[in-house]
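To keep things clear, I will list the structure first and then write my remarks on it.
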Amino acid sequence: MNEPLRRPAAYDAAGVEVHRPVPLAPAHTAPLAPVQPGVPSVASVVLPDGRVVTGYAVTPAQPEPLAAKPAVSRAAVNVALGGVGFLAVCGGLFLLTAFITALTALVTQLVILAAVLIGGWVAVQVLSARGHRGGTTVNIRKATFKRNHFHG
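Take the sequence shown: its position 128, counted from the start at 1, is 202 in our numbering, and no numbers get skipped.
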């Protein structure tokens, strides 16, 4: 099974041609003229066997650089800013409730003061009716009161 392979006798004949590469003389390239911007330069490469290959230089595609990650995540920054905003609003709400409470107390005191002043004025008017200041004065001298009826 593992016998060596034998070549047919036809291969041993002298009629087989063997080609061996012949190195070429290296080509000397002239200095390159200045190239316009935007036009790629032409590069020549000399292979080990002496052949010269000329073509455009192809730069390998560079992957997009990854964006540098910030030291703190955006979610943490958003939470912190939300906390600061909440504290600012709470302080404002505290001041607003204190202002509303003070305003309510002021309005209550003004209402009580008005009630006391108006009530006092009414009391003075009612209780000071000793003499008539105007109106009709009737002098009754010979009037007779019988059983709470006036007979004149």
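We treat Cβ as the ideally placed atom computed from N, Cα and C, and that holds for glycine.
Distance, residue j Cα to residue i Cα
i	j	result
A176	F168	12 Å
G157	C164	10 Å
G159	V153	10 Å
L187	V151	54 Å
R94	T133	34 Å
A172	L180	12 Å
A189	G166	35 Å
L155	A162	11 Å
Q183	Q199	24 Å
A145	P139	18 Å
W195	L170	37 Å
K143	T178	54 Å
A135	A117	18 Å
Candidates the options: closest to residue i by CA position
i	options	result
G129	A135, V185, V119 and V190	V119
D123	L98, W195, L187 and V163	L98
L121	I174, S202 and V96	V96
Continuous alpha helix (DSSP H) stretch holding residue i: start and end
i	result
A145	Here A145 belongs to no alpha helix (DSSP H), and DSSP marks it neither H nor E.
Sub-8 Å separation of residue i and residue j beta-carbons
i	j	result
V126	A149	no
Chain C within 8 Å of residue i, Cβ atoms only
i	result
L201	Absence of chain C from the displayed structure is noted, only one protein chain being present.
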